[in-house]
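J.:
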Amino acid sequence: MSSLTCFKAYDIRGKLGEELNEDIAWRIGRAYGEFLKPKTIVVRR
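Here the sequence shown stands for residues 1 to 45, where the numbers follow the UniProt record's numbering.
1. Name the DSSP beta bridge partners of F7, please?
2. Can you list, in chain order, the residues of its chain whose CB lies under 7 Å from that of L20, leaving out five sequence neighbours each side?
3. Starting from R36, follow its DSSP beta bridges and name the residues at the other end.
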(Lines of atoms letter the chains of each structure in order from A and count residues from 1; the text may use other names and numbers.)
(Lines give C-alpha, C1' and ligand atoms only; values in the text may rest on other atoms or scores of the structure.)
Protein backbone atom coordinates (compact mmCIF):
# COMPACT_ATOMS: atom_id res chain seq x y z
CA MET A 1 0.00 0.00 0.00
CA SER A 2 1.32 3.43 -0.88
CA SER A 3 1.45 6.19 1.72
CA LEU A 4 -1.49 8.58 1.89
CA THR A 5 -0.42 12.18 1.34
CA CYS A 6 -3.88 13.59 2.05
CA PHE A 7 -3.40 13.71 5.85
CA LYS A 8 -2.15 17.09 7.05
CA ALA A 9 -1.46 18.38 10.58
CA TYR A 10 -5.04 19.46 11.24
CA ASP A 11 -7.14 18.36 8.27
CA ILE A 12 -7.45 16.00 5.34
CA ARG A 13 -7.07 17.44 1.86
CA GLY A 14 -5.89 16.48 -1.55
CA LYS A 15 -6.54 16.61 -5.28
CA LEU A 16 -9.32 14.32 -6.41
CA GLY A 17 -7.92 11.56 -8.55
CA GLU A 18 -4.34 12.17 -7.45
CA GLU A 19 -4.23 12.14 -3.64
CA LEU A 20 -7.88 11.27 -2.95
CA ASN A 21 -10.43 9.15 -4.71
CA GLU A 22 -14.02 8.23 -3.93
CA ASP A 23 -13.06 5.01 -2.14
CA ILE A 24 -10.47 6.67 0.12
CA ALA A 25 -12.86 9.53 0.95
CA TRP A 26 -15.62 7.05 1.83
CA ARG A 27 -13.30 4.97 4.02
CA ILE A 28 -11.99 8.04 5.88
CA GLY A 29 -15.53 9.31 6.48
CA ARG A 30 -16.74 5.91 7.64
CA ALA A 31 -13.81 5.45 10.04
CA TYR A 32 -14.25 8.99 11.40
CA GLY A 33 -17.93 8.41 12.09
CA GLU A 34 -17.38 5.00 13.67
CA PHE A 35 -14.53 6.11 15.90
CA LEU A 36 -15.60 9.59 17.07
CA LYS A 37 -19.38 9.40 16.64
CA PRO A 38 -19.64 13.17 16.05
CA LYS A 39 -22.96 15.00 16.15
CA THR A 40 -21.86 17.39 13.40
CA ILE A 41 -19.19 17.29 10.70
CA VAL A 42 -18.12 19.78 8.03
CA VAL A 43 -17.39 18.74 4.47
CA ARG A 44 -16.06 21.46 2.24
CA ARG A 45 -15.11 21.70 -1.36
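For each residue, glycine too, the CB sits at the ideal point set by N, CA and C.
T.: Walking through what the data contain:
1. I12
2. C6 and G14
3. In the sequence under discussion, the amino acid at residue 36 is Leu, which differs from the Arg named in the question. Beta-bridge pairing links L36 to no other residue.
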